[in-house]
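Visitor:
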Amino acid sequence: MAEAFANGWIIDIILGLMAIEAVALLALRRTSGRGPSPLEILVSLAAGLCLLIALRVALTGGPWQLIAVALAASLVVHLTDLRLRWSRSAAPSTERSP
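Quick note, the numbering used here runs 1 ahead of the 1-based positions in the sequence shown.
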């Protein structure tokens, strides 16, 4: 198990699981018409993806500049995700109060 962390394979496995999650969520959205939009799904997962890339680079002794870029990208994507969520929650509700 220590080797899986040392060479970054554990991150590769997690990234693969995230790809499966993205496909499953997009398929569920397509078949049911419910849930977050495809853009919201992908943006939400992208923030974690960037963090995992930064972790993988750090675990494998990659350059600090690449870690910094991945972390900065994660921040940008996270702020985009927050904006999408904030915009959606600020939209007028169609439900009536009792």
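From the three backbone atoms N, C-alpha and C, an ideal C-beta is built for every residue, glycine too.
On a predicted model such as this, the values are computed, not experimentally measured, just so you know.
Around the Cβ of residue 14, are there at least 16 other Cβ atoms within 10 angstroms (buried) or fewer (exposed)?
Guide: Looking up residue 14 in the sequence shown gives position 13. Result: exposed.
Visitor: What first and last residue would you give for the alpha helix (DSSP H) that runs through residue 39?
Guide: Taking the sequence shown and counting its residues from 1, one reaches residue 39 at position 38. Start and end: 39–60.
Visitor: Please report the residue range of the alpha helix (DSSP H) in which residue 19 lies.
Guide: If you number the sequence shown from 1, residue 19 lands on position 18. Run containing residue 19: 10–33, per the alpha helix (DSSP H) assignment.
Visitor: Could you work out which residue in 90, 70, 84 and 28 is closest to residue 50 when comparing CA atoms only?
Guide: Counting from one through the sequence shown, the residue named residue 50 turns up at place 49. If we check each option's Cα against that of residue 50, 70 comes out closest.
Visitor: Return the chain-ordered list of same chain residues with a C-beta closer than 8 Å to the C-beta of residue 59, the five sequence neighbours on each side being excluded.
Guide: What you label residue 59 is simply residue 58 of the sequence shown in a count that begins at 1. Within the same chain, residue 59 has close Cβ partners 68.
Visitor: With distance defined between alpha-carbon atoms, name the residue in 27, 10, 61 and 54 nearest to residue 74.
Guide: In the sequence shown, counting from the first residue as 1, residue 74 sits at position 73. Ranking 27, 10, 61 and 54 by Cα distance to residue 74 puts 54 first.
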